[in-house]
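Scroll down for the structure; my scribbles are underneath it.
Chains as they are written, first to last, in the working numbering: chain Z, 52 to 349; chain G, -15 to 323.
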């Protein structure tokens, strides 16, 4: 190593940086991920400022009732629906619902899944076998089918839907965290921590889980996209929120599915909104995966 | 009374396929301020014995016999919670690979303070100050700033210093160092050994140094145990062991170390064959299949450690290497491989 190289190495050692900072640097240099962030920002801004951005109330009748409603352009940016409501306003308020169901259902799935995964991975033995077989069972049922079943069982409504979709994501998180923990459980630093008397609980929560959580964070982003689609799908199938006035994107599509020829914008625009938001989340998830992949760590 | 006294320790691993007889009855005493060497090839049970003493064997491993007396307590019989109090506070351990033995997502300061807060009931600030002092003690420059750095920002040698800081933070009476220099450059090795030597001298710790490197042992250990297939086959004051190895295995080890003062023609003599399969426990000396001095007795009855050339030098062998032969081979190994 030359003197210059040695100094460079020394400098890079001195630079204040952590694992997360390094990951952030890699993420920032990934153009696809940045596009994803942009799309997600659009969704978040729409959701948060729906009331300010929307020209009208989502359920306010601002035009004539019509079987052949006005398309985009004209007086209303994105046109009207058959009940004379402003489509742009409904889409903006719909962003609230989609973001909410994405976050809440993933939060439900994540918290249940993490507990199961941590217990299975750390305790092992028959506890592990029992938990993981149940998870396999859940995974073997198509998630949409299971969500349909749960909604039928629990009744219609936003809360029930979010719960149903959340439950279908439990096995994904449980399996992922368990596998990750198994990889870390026998790591040298865990042995070293045990050698200085760190107790089991602290070992799991303070040492093993922080080292196992990265792939779970990635998966959570990707699953949020799936959750948004699934909720839209449930609505489309008529199992959506009971309140017919809620501007849920999937329901907006379902309500107008038979007007695809006469008023295509009523079906295409909500579909487009779904695509934008899920694509944003997927791009972010992939970017995160590349940024914090343990194989890239040094 | 000895600080730590291990008596007939036996460790087995119970896997689905086989039972591994990893440690087959080892005994030794460690005094305060003493440095004890344990040498042997990889897989001979060196590391397993130290993990067993601390009660941190992998799940399949169990102590099946023997005791580990520390003060008036037998560590083998202690409950895990009580043992946890002793680990880190009374007995510290340093591991082989500093690159993987520190938690990558925790700042090094936090890893040292964790030990202090657990055992010494310190508050956050007190533990932080003490951690800086300990890191400074083990030779980390600018310790007060570096506590906020992550392990990957340290070099291998510096990480091993952090590891040592974790192990000695609570001023334990005993330090077990399992191949502490194996993963390091030669120059760094010397620094780390110096540090350990200094700690033993100044803090009066008892040090158990586990290594496969005879040079390391020669440099710092007063007594050395040679381990083979889960047993001690020879134990002697280090000088004596290097001057007059009496077990054929010890001799073989010394002969397979390159020496600086050897003439060009002199060849290294490797030990033929491979260590035995520990899943099968045979009668007889486990070194017999590789031993040029083996007799019928060696193959039939397991030899016990017995005094030879005085009570301090003990060897487990039915047919020890004759003194005359030893003298020509090993006399200069000590200087050659020592630091």
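Here a beta-carbon is modelled for each residue, glycine too, at the ideal position from N, C-alpha and C. Quick caveat, the model's predicted, so the values are computed rather than measured.
Terminal residues of the alpha helix (DSSP H) in which residue i lies
i	result
residue 280 of chain G	280 to 284
residue 167 of chain Z	138 to 174
residue 214 of chain Z	209 to 236
residue 119 of chain Z	Per DSSP, residue 119 of chain Z belongs to no alpha helix (DSSP H) and is neither H nor E.
residue 203 of chain G	198 to 204
residue 30 of chain G	30 to 38
residue 61 of chain G	Run containing residue 61 of chain G: none; DSSP gives neither H nor E here.
residue 99 of chain Z	82 to 99
residue 258 of chain Z	Neither: residue 258 of chain Z is in no alpha helix (DSSP H) and is coded neither H nor E.
residue 255 of chain G	From DSSP, residue 255 of chain G is part of no alpha helix (DSSP H); its letter is neither H nor E.
residue 240 of chain Z	239 to 246
residue 249 of chain Z	From DSSP, residue 249 of chain Z is part of no alpha helix (DSSP H); its letter is neither H nor E.
residue 184 of chain G	170 to 187
residue 194 of chain Z	194 to 205
residue 236 of chain G	232 to 239
Under 7 Å from the C-beta of residue i: neighbouring residues of chain Z
i	result
residue 81 of chain G	239
Beta bridge counterpart(s) of residue i as assigned by DSSP
i	result
residue 161 of chain G	G/78 and G/193
residue 218 of chain G	G/210 and G/299
residue 291 of chain G	G/298
residue 112 of chain Z	Z/136
residue 131 of chain Z	Z/137
Under 8 Å from the C-beta of residue i: neighbouring residues of chain Z
i	result
residue 150 of chain G	243 and 247
residue 187 of chain G	Those do not exist, as residue 187 of chain G stays about 17 Å from chain Z at its closest Cβ, beyond 8 Å.
Reduced DSSP category for residue i - H, G, I as helix; E, B as strand; rest coil
i	result
residue 245 of chain G	coil
residue 71 of chain G	strand
residue 270 of chain G	coil
residue 83 of chain G	coil
residue 304 of chain G	coil
residue 106 of chain G	coil
residue 101 of chain G	helix
residue 326 of chain Z	helix
residue 321 of chain G	Low per-residue confidence applies at residue 321 of chain G: pLDDT is 45, beneath 50, and the placement is therefore not dependable, though the value from the model is reported in the following sentence. Residue 321 of chain G falls in the helix class under three-state DSSP.
residue 181 of chain Z	helix
residue 264 of chain G	coil
residue 309 of chain Z	helix
residue 153 of chain G	coil
residue 334 of chain Z	helix
residue 76 of chain Z	helix
residue 123 of chain Z	coil
residue 343 of chain Z	helix
residue 113 of chain G	helix
Chain G residues whose Cβ lies nearer than 7 Å to that of residue i
i	result
residue 250 of chain Z	68
Residue i - containing beta strand (DSSP E), residue span
i	result
residue 266 of chain Z	Counting along the chain, residue 266 of chain Z falls outside any beta strand (DSSP E), though it belongs to the alpha helix (DSSP H) covering 265 to 285.
residue 53 of chain G	45 to 54
residue 8 of chain G	3 to 14
residue 122 of chain G	Where residue 122 of chain G is concerned, there is no enclosing beta strand (DSSP E), given that its DSSP letter is neither H nor E.
residue -11 of chain G	-12 to -2
residue 20 of chain G	19 to 23
Listed by chain order, chain Z residues near residue i by CB distance under 9 Å
i	result
residue 86 of chain G	239, 240 and 243
residue 147 of chain G	243
residue 40 of chain G	242, 245 and 246
Residue i beta carbon near the ligand GDP (any heavy atom closer than 7 Å)
i	result
residue 97 of chain G	Questions concerning the ligand GDP fall outside what the structure shown contains, since it holds no ligand whatsoever.
- Taking only beta carbons into account, state which residues of the segment 257 to 278 of chain Z come closer than 8 Å to chain G, listed in chain order. Taking 8 Å as the Cβ-Cβ cut-off against chain G, the residues of the segment 257 to 278 of chain Z that qualify are 257, 258, 261 and 262.
- Got a sec: which bits of the segment 51 to 78 of chain G sit with their beta carbon under 9 Å from any beta carbon on chain Z, in order along the chain? For the segment 51 to 78 of chain G, the residues whose beta carbon sits under 9 Å from a beta carbon of chain Z are, in order, 64, 65, 67, 68, 69, 70, 71, 72, 73, 75, 76, 77 and 78.
- Of the residues that make up the segment 91 to 102 of chain G, which ones have a beta carbon closer than 7 Å to any beta carbon in chain Z? Within the segment 91 to 102 of chain G, the residues whose Cβ lies closer than 7 Å to some Cβ of chain Z are 98, 99 and 102, listed in chain order.
- Message: Output needed in chain order: residues of the segment 151 to 176 of chain G with a Cβ under 9 Å from some Cβ in chain Z.
- Response: 151, 153, 154 and 160
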